[in-house]
Amino acid sequence: MPEFEVTPWEVTGIVDYNKLIEEFGTTPLTEDLLEKTKELTKSELPLYFKRKFFFSHRDYDLVLKDYEEGRGFFLYTGRGPSGPMHIGHIIPFFATKWLQENFGVNLYIQITDDEKFLFKPKRGFEDTKRWAYENILDIIAVGFDPDKTFIFQDSEFTKIYEMAIPIAKKVTYSMAKAVFGFSDQSKIGMIFFPAIQAAPTFFEEKRSLIPAAIDQDPYWRIQRDFAESLGYYKAAALHSKFVPGLTGIGGKMSASKPETAVYLTDDPEEAGKKIWKYAFTGGRATAKEQRELGGEPDKCVVFKWLEIFFEPDDKALLERYQACKNGEILCGHCKRYLIEKVQNFLKEHQRKREEAKDLMEKFKYTGKLAREQWDKAIPEPLRR
Ligand code: TRP
72 MPEFEVTPWE
82 VTGIVDYNKL
92 IEEFGTTPLT
102 EDLLEKTKEL
112 TKSELPLYFK
122 RKFFFSHRDY
132 DLVLKDYEEG
142 RGFFLYTGRG
152 PSGPMHIGHI
162 IPFFATKWLQ
172 ENFGVNLYIQ
182 ITDDEKFLFK
192 PKRGFEDTKR
202 WAYENILDII
212 AVGFDPDKTF
222 IFQDSEFTKI
232 YEMAIPIAKK
242 VTYSMAKAVF
252 GFSDQSKIGM
262 IFFPAIQAAP
272 TFFEEKRSLI
282 PAAIDQDPYW
292 RIQRDFAESL
302 GYYKAAALHS
312 KFVPGLTGIG
322 GKMSASKPET
332 AVYLTDDPEE
342 AGKKIWKYAF
352 TGGRATAKEQ
362 RELGGEPDKC
372 VVFKWLEIFF
382 EPDDKALLER
392 YQACKNGEIL
402 CGHCKRYLIE
412 KVQNFLKEHQ
422 RKREEAKDLM
432 EKFKYTGKLA
442 REQWDKAIPE
452 PLRR
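Structure (C-alpha cells):
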C-alpha cells in the first residue's frame, strides 16, 4: 500500500507534498516567484501565497513574463458539483479572486455537472444540476468581477462539446489510461471527459493560469501534451494543498464525512458545535501536562485552519504558535478563537450568498464576458 495517493477522484493517507512535487513532476513555488508577483501587482501577497498553501506550479514564471511583456494571460478554474461546498473547496476561489483583482484578468469557471454525473454510478443528472446551482451561489459570494468572469455549466454551455472534439482527436486511450487509470469497466463518458475539462484552456489565445488543488494536475498534464500541436499555449497551473478535515491533519476535508467538514451553508451555531466536538488539536491529556510539556501546533487542525485562512495577522499567528509550544495557552482557548472566526466568516458568506441569487444571470449569461463567450464562434485553430 502506498503511504498516500492523490488522484482527481480520491485523496488518501497523509500527503507528503514534497514527494508529490517529484511524483507529479511539478515545480516548487519559490520565493523569487512570489517576490515577482508582489512587484508586478504592487500589492501585498495574500496569506494563501505567503504561507505556501499554494506550494507548487507549472509555468507560473512564464505567466508572469507574459504579463510583464504585455501579452497577458487569463484565469481558469472549476468545481465539480457533487454536493454542498465546504471551507476547503472555497479557499482556492479566494486565491483566484486575488489574482483576478490584482492582475485585472478574465476568469472562466467551469461547473462540471456532466463529470459528477458520469463518475458516480448512483448519482442522478438532476442532482448534479441542482448542486451546480447551489455551488455557483457559493462561488459568486466570493466576489468576482461580473464583467470579467464567466461561470458556465457544461450541460448548458454545449459549445464546450464542439471545442472538446479536436482535443478528443489528440488524446489516445493509452495516454488517458496511463494518466487516469481507466479500465475496461470505465464508462465511455468518463474517458471522453478529460477533453471537456481541457477545453477552457483554449478560450483565449493567451496562456491560461489554473489555480486549483493539486489533485487536478493530471488533466493539465494531458493538456500540455497536445496544446502546442493545436496552436495553443500549454496550460500553466498554481497548485494548492488540501485543507485538513477537522478530525486530523492527515486527510483532507471530505464532503462524504460530515464530521470532518464545515459547510458554507452550515448554521453558524451548529458549525461552532462541530468544531468544538471534532476538531483535533493533539493537546495533552490534562491541563497540567499541557502547561508542563506545551502543545503541538504542527499536529493541530485548529492551528492549521488559522494558518491557512482564518488568522490573517502574521504576528498574532506566530505568537499563538509560541504560546502553544510553551504551554501558555490551552486547546479550548484556540478552539473558541477559531470558532468565532469561522462563525463570522459563515455569517458574512451566507449574506453574500443570498445576494448572489440576483447575480446568477449576469455571471452565467448576460455579463460582458459571459455574452462574449456565448456569442463567439469556435476559435479558429480548433476549426482546422
Ligand atoms: N474536476 C473538477 C472537480 O471535480 C472540476 C473542474 C473542472 C476544475 N475544471 C476545473 C477544477 C479547473 C479546477 C480547475 O472538482
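Be aware that the sequence shown starts at 72, since it is given in our numbering, and climbs by one per residue.
Backbone N, C-alpha and C fix where the C-beta goes; we use that ideal spot for every residue, glycine too.
One thing to note: Pro155 has its Cβ within 8 Å of the Cβ of Tyr334.
Fully contained in the region 158–212 are the following beta strand (DSSP E) runs of length 3 or more, in chain order: 178–182.
Between Lys230 and Val372, the alpha-carbon positions lie close to 43 Å from each other. The beta carbons of Leu91 and Ile285 sit closer together than 8 Å.
Per DSSP, reduced to three states, the secondary structure at Gly84 is strand. Excluding five sequence positions before and after Leu301, the CB atoms of its chain that fall closer than 8 Å to its own CB belong to Pro237, Ile238, Lys241, Phe273, Pro452, Leu453, given in chain order. At least one heavy atom of ligand 1 falls within 7 Å of the beta-carbon of Gln268.
Closest in C-alpha terms to Ala342, from the list Ile320, Lys406, Arg362, comes Lys406. Note on geometry: alpha-carbon atoms of Asn173 and Ile267 lie some 29 Å from one another. Taken in chain order, the whole beta strand (DSSP E) runs of length 3 or more contained in the region 103–163 are 125–129, 144–150. The three-state reading of DSSP puts Leu409 in helix, counting H, G and I together. Not one heavy atom of ligand 1 sits closer than 7 Å to the Cβ of Glu205.
Note that the region 127–145 does not touch the region 185–202; fewer than 3 beta-carbon pairs, one per stretch, sit closer than 8 Å. One thing to note: Ala307 has its Cβ no nearer than 8 Å to the Cβ of Gln294. Per DSSP, the continuous alpha helix (DSSP H) segment holding Glu360 begins and ends at 358–364. Listed as beta-bridge partners of Thr78 by DSSP are Glu81.
If you check the CB distance, Ser279 and Tyr304 come in under 8 Å. For Arg422, no pairing in a beta bridge is given by DSSP. Of the other Cβ atoms in all chains shown, fewer than 16 fall within 10 Å of the Cβ of Leu389; this residue is therefore exposed.
In terms of side-chain proximity, the C-beta atom of Arg295 is found no nearer than 7 Å to any non-hydrogen atom of ligand 1.
A direct Cα-Cα distance of roughly 8 Å separates Pro339 from Val413. For Lys312, the number of other beta carbons within 10 angstroms of its own is at least 16, and it is reported as buried. In the three-state DSSP reduction, Thr97 falls in the coil class, being neither helix nor strand.
A distance criterion of 7 Å places the beta-carbon of Tyr147 in contact range of ligand 1, judged by its closest non-hydrogen atom. CA-to-CA, the gap between Glu205 and Gln361 works out to about 43 Å. Bounds of the alpha helix (DSSP H) holding Gln268 are 259–269. The beta carbon of Gly321 lies closer than 6 Å to those of Ile85 in the same chain, with the five residues before and after it left out. In this structure, the alpha-carbon of Leu116 lies about 18 Å from that of Gly214. With respect to the C-alpha of Arg355, the residue from Asn397, Pro383, Lys428 having the closest C-alpha is Asn397.
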